[in-house]
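J.: I have a structure I would like to understand better, so I am pasting it below and will then ask my questions one at a time.
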Amino acid sequence: DDALLAALAAFNAAAGKTRLGSYVWGVRRRKVIVGAVQAGFAMVNGPALMKNIAKPARQLPAPKSRFLQT
């Protein structure tokens, strides 16, 4: 995971230099979700964050502070 997180941080930094947002989708491990949030990705998603549901009722916020404490 450390090599992946380093690559994601570099990607996010490069995107930030061009003022583009960056997103991580389909993450399976919580450590990678936390690392992506800490690296500053605008959006994250995947089974590590929550399970897939057939018909979502509403979107729930996940405050960044929740991920910075782990």
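Letter 39 of the sequence shown, counting from 1, is numbered 39 in the UniProt record's numbering, and no numbers are missing. Glycine included, every Cβ here is placed at the ideal spot set by N, Cα and C.
For residue 71 and Phe41, I'd like the C-alpha separation in whole angstroms.
T.: What is shown of the chain runs 1 to 70, which leaves residue 71 out entirely.
J.: If I'm right that Ala39 touches Leu8 with Cβ under 8 Å, what's the distance once you round it to whole angstroms?
T.: Locating residue 39 in the sequence shown gives position 39, counting from the first residue. Locating residue 8 in the sequence shown gives position 8, counting from the first residue. With 8 Å as the limit, Ala39 and Leu8 qualify as a contact, their Cβ atoms being about 6 Å apart.
J.: Where Leu20 and Ser65 are concerned, what is the direct C-alpha to C-alpha distance, given to the nearest angstrom?
T.: One-based indexing of the sequence shown puts residue 20 at position 20. One-based indexing of the sequence shown puts residue 65 at position 65. Their Cα atoms are separated by approximately 23 Å.
J.: Please determine whether the Cβ atom of Leu20 lies at a distance below 6 Å from any heavy atom of the ligand SAM.
T.: The ligand SAM is absent from the structure shown, which contains no ligand whatsoever.
J.: Taking 7 Å as the threshold (C-beta atoms), are Gly46 and Val27 in contact?
T.: Counting from 1 along the sequence shown, the entry for residue 27 is found at position 27. Counting from 1 along the sequence shown, the entry for residue 46 is found at position 46. Their beta carbons are under 7 Å apart, which means Val27 touches Gly46 by this criterion.
J.: Have a look at Lys17 and Lys51 and give me their C-alpha separation to the nearest angstrom.
T.: Position 17 of the sequence shown, counting from 1, holds the residue named residue 17. Position 51 of the sequence shown, counting from 1, holds the residue named residue 51. Taking the straight line joining both Cα atoms gives about 33 Å.
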